[in-house]
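Novice: So that you can map any letter, position 416 of the sequence shown is 418 in this note's numbering, and since no number is skipped, the others follow by simple counting.
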Amino acid sequence: MKDQVDTLRECGVPAACISSLQNYAERRETEASLARGELRMLYVSPERAVKAEFFSLLKKTSVSLIAVDEAHCISQWGGHEFRPEYRELAQLIREFPQAPVVALTATATPAVQNDIIAQLHLRRPPRRVTGSFYRKNLRYEVRPKKDTKGGAILSYLRNHRNQTGIIYCLSRKGVEELADTLRRSNIRALPYHAGLTRRAREETQEAFVRDRVQVIVATVAFGMGIDKPDVRFVIHHDLPPRSPEHYYQETGRAGRDGDPADCILFYSPPGDRHRQAFFIQQESSAARQKAAYAKLEEMTTYCEEHRCRQAMILQYFGEEPPPSGGCGSCDVCCSPRGNALTARRLPGRPSAVCRVWKFPAAATTSSTCSAGANTKKIRELGQQNTPPGYGTGKAYSKDDWRSFIRELVRFGYLERESGVYPVLTVGGMRAGNS
3 MKDQVDTLRE CGVPAACISS LQNYAERRET EASLARGELR MLYVSPERAV KAEFFSLLKK
63 TSVSLIAVDE AHCISQWGGH EFRPEYRELA QLIREFPQAP VVALTATATP AVQNDIIAQL
123 HLRRPPRRVT GSFYRKNLRY EVRPKKDTKG GAILSYLRNH RNQTGIIYCL SRKGVEELAD
183 TLRRSNIRAL PYHAGLTRRA REETQEAFVR DRVQVIVATV AFGMGIDKPD VRFVIHHDLP
243 PRSPEHYYQE TGRAGRDGDP ADCILFYSPP GDRHRQAFFI QQESSAARQK AAYAKLEEMT
303 TYCEEHRCRQ AMILQYFGEE PPPSGGCGSC DVCCSPRGNA LTARRLPGRP SAVCRVWKFP
363 AAATTSSTCS AGANTKKIRE LGQQNTPPGY GTGKAYSKDD WRSFIRELVR FGYLERESGV
423 YPVLTVGGMR AGNS
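Below is the structure:
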């Protein structure tokens, strides 16, 4: 909110915000300006917007528009941390029935759009205005996570010394450690996470916007509302985001000026997926867990399947892929390989090797079995003695086999159930033909 208010004021628009970061005197001054009719724009958090005292404050002035920003947070299917107060904003709308309402978001599938409409209790079917999710200037890439702190990230930053960007890490400790590593390598970097003081966060944000720092190393606490046009890279160092919505929102902070920008995700299968699954298990309800697993499966598919990254993002949000079928700039488009052809030659054919897929860790075990791995799990299950699948794909790595299996799922030969340990079965459409 602070960035947007500062920008509006620079443009001559009387604007202010009411937030928990203000002290008592600052908040009282804002409320007085509102009562005097001096403000055209007032920003407020949903947690404060649904309080009775805020309704009373607004009734001292004229409300000409209610704008709900980041409206995907209204929906528990929106892929972001569910915030109950967003769903209570219908109270604010009922208090001011004459004010038009607009809900804004950069990440809403058709299902999320419908949920937003339902939760806001809009009086009549609203007009939907949807822009394209296709960001032609963004180059998407998934890299294996190997020596990221000491090698890959440092190498990238040294080749982009005059460019600013964001590196996302999972934990506060990881943020601090990576920021310290970068500074010791003479890269201007600052940490940002919720554990820092208010003043430290504000100073870091200001330094980034004013180009006094090259890199912000942050948890996902950083970025929402940041409108810096020349962010040239967004790097995800740790786990992949839990959903395509998360990832699109975070990478969308790059290249807002229309110039080329890199979106790099470091991924380590299957450990990264299992760690995200652990967090999903902490969800409060079975329904939310199921929805979260489905979104994690989509994100895992994005990381592992060898298809155009942009096309997969567009498909997820219900948009047609580029006319050519690919963006021509992501890592997959620039280095195609014959996954689909190889997948169709899966040793033993799907109906035969499905014998090895009768246990919780089926997807992982099937890839290690096909690659001929001699793991404890394989030995316990006796898979090394199960022809024709075991070891017939030694020419390919376990990572390759994970990609091949995803191709079989995509073509309908196999079906994959979401969960902590995805289970593979023969696809219903193709079982008779396999």
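Ideal Cβ positions, reconstructed from N, Cα and C, are used throughout, including at glycine.
In angstroms with no decimal places, state the Cα-to-Cα distance between GLY328 and LEU241.
Specialist: Whole-angstrom Cα-Cα distance: 26 Å.
Novice: Per DSSP, which residues does THR166 bridge with? Please list them.
Specialist: Paired residues: VAL233.
Novice: What is the DSSP secondary structure of GLU28, reduced to helix, strand or coil?
Specialist: GLU28 falls in the helix class under three-state DSSP.
Novice: By DSSP, does PRO193 sit in helix, in strand, or in coil?
Specialist: Of the three classes helix, strand and coil, the one that applies to PRO193 here is strand, per DSSP.
Novice: Would you check if the distance between the CB atom of ASP259 and the CB atom of ASP229 is smaller than 8 Å?
Specialist: No, they are not a contact pair.
Novice: Let me check one thing: in DSSP terms, what residues is ASP264 bridge-paired to?
Specialist: Note: ASP264 sits in a beta bridge opposite ARG141 and PHE235.
Novice: For a test of the three-state rule: what should DSSP assign to ALA105, helix, strand or coil?
Specialist: Residue state, collapsed to three classes: strand.
Novice: By Cβ distance, which residues of its chain are closer than 6 Å to MET314, with the 5 residues on each side in sequence left out?
Specialist: Taken in chain order, the residues that qualify are TYR304.
Novice: If we count Cβ pairs, one from each stretch, closer than 8 Å, do we get three or more for the region 243-252 versus the region 292-302?
Specialist: The region 243-252, when compared against the region 292-302, does touch it at the 8 Å Cβ threshold.
Novice: If we ignore side chains and look at the alpha-carbon of each, how far apart do GLY257 and ASN164 end up?
Specialist: Approximately 15 Å, taken between the alpha carbons.
Novice: Quick check: what's the CA-CA separation for PRO16 versus TYR26?
Specialist: Roughly 20 Å separates the two Cα atoms.
Novice: Would you identify the three-state DSSP class for LEU480, choosing helix, strand or coil?
Specialist: This structure leaves residue 480 out entirely; the chain is present only between 3 and 436.
Novice: For VAL215, does the three-state DSSP call read helix, strand or coil?
Specialist: If DSSP states are grouped into helix, strand and coil, VAL215 belongs with coil.
Novice: When you compare each of LYS53, GLU90 and THR107 to GLU72 by their alpha carbons, which one comes out closest?
Specialist: The shortest Cα separation from GLU72 among LYS53, GLU90 and THR107 belongs to THR107.
Novice: Would ILE68 and LEU94 qualify as a contact pair, given that the criterion is a beta-carbon distance under 8 Å?
Specialist: Yes, the Cβ-Cβ distance between ILE68 and LEU94 is below 8 Å.
Novice: Shortest alpha-carbon distance to GLU178 belongs to which of ARG290, SER187, ALA191 and ARG214?
Specialist: Nearest option by C-alpha distance: ALA191.
Novice: For ASP8 and ALA288, what's the separation of their Cα atoms in angstroms?
Specialist: Whole-angstrom Cα-Cα distance: 42 Å.
Novice: Do SER58 and VAL114 have their C-beta atoms closer together than 8 Å?
Specialist: Not in contact: SER58 and VAL114 (Cβ atoms no closer than 8 Å).
Novice: Report, in whole angstroms, the separation of the C-beta atoms of HIS276 and THR150, which I expect to be a contact under 8 Å.
Specialist: 19 Å between Cβ atoms; not a contact.
Novice: Identify, in the order they occur along the chain, each residue of the same chain with its Cβ nearer than 7 Å to the Cβ of VAL65, setting aside the five sequence neighbours on each side.
Specialist: Excluding sequence neighbours, VAL65 sits near PHE98 and ALA101.
Novice: Report yes if the C-beta distance between LEU23 and ALA51 is below 8 Å; otherwise report no.
Specialist: No; because the gap between Cβ atoms is not below 8 Å, this pair is not in contact.
Novice: Checking contacts by CB at 8 Å: is GLN251 closer than that to chain C?
Specialist: Judged by its chain identifiers, the structure shown contains no chain C, having just a single protein chain.
Novice: If I measure Cβ to Cβ from SER47 and keep anything under 7 Å in the same chain, skipping five residues before and after, which residues do I get?
Specialist: The answer, listed in chain order, is SER21.
Novice: If you draw a straight line from the C-alpha of ILE168 to the C-alpha of HIS308, how long is it?
Specialist: Each residue's Cα considered, the two are about 26 Å apart.
Novice: Label PRO271 either buried or exposed according to how many other C-beta atoms from any shown protein chain fall within 10 Å of its C-beta, with 16 as the threshold for buried.
Specialist: When all chains shown are included, PRO271 counts as buried.
Novice: Taking the alpha-carbon of THR132 as reference, which of LYS147, LYS138, PRO112 and PRO146 has the nearest alpha-carbon?
Specialist: Checking every option, the nearest Cα to that of THR132 belongs to PRO112.
Novice: Classify VAL177 as helix, strand or coil using the three-state DSSP reduction.
Specialist: It is helical.
Novice: Identify, in the order they occur along the chain, each residue of the same chain with its Cβ nearer than 8 Å to the Cβ of PRO146, setting aside the five sequence neighbours on each side.
Specialist: If we look at PRO146 and ignore the five residues flanking it on each side, its Cβ neighbours are PHE268, TYR269, SER270 and ASP401.
Novice: Taking just the CA atoms, how far does GLY39 sit from PHE2?
Specialist: Residue 2 lies beyond the range of the chain shown here (3 to 436); nothing can be said about it.
Novice: How about CYS265 and ARG141: do their beta carbons lie closer than 8 Å?
Specialist: Cβ atoms of CYS265 and ARG141: closer than 8 Å.
Novice: Given this structure, state the Cα-to-Cα distance separating GLU438 from GLN6, to the nearest angstrom.
Specialist: Residue coverage of the chain in this structure runs from 3 to 436, which leaves residue 438 outside it and unanswerable.
Novice: Can you tell me whether DSSP reads LEU44 as helix, strand or coil?
Specialist: Strand, per DSSP.
Novice: Pull up the DSSP beta-bridge partners for PRO146, would you.
Specialist: Its beta-bridge partners are TYR269.
Novice: If we ignore side chains and look at the alpha-carbon of each, how far apart do GLU285 and TYR295 end up?
Specialist: The alpha-carbon atoms of GLU285 and TYR295 are separated by roughly 11 Å.
Novice: Since TYR250 and ALA223 should fall inside the 8 Å C-beta cutoff, what is the C-beta to C-beta distance between them, to a whole number of angstroms?
Specialist: With 8 Å as the limit, TYR250 and ALA223 do not qualify as a contact, their Cβ atoms being about 18 Å apart.
Novice: Whose CA, out of GLY254, ARG174, GLU55 and VAL103, lies closest to the CA of PHE135?
Specialist: The shortest Cα separation from PHE135 among GLY254, ARG174, GLU55 and VAL103 belongs to GLY254.
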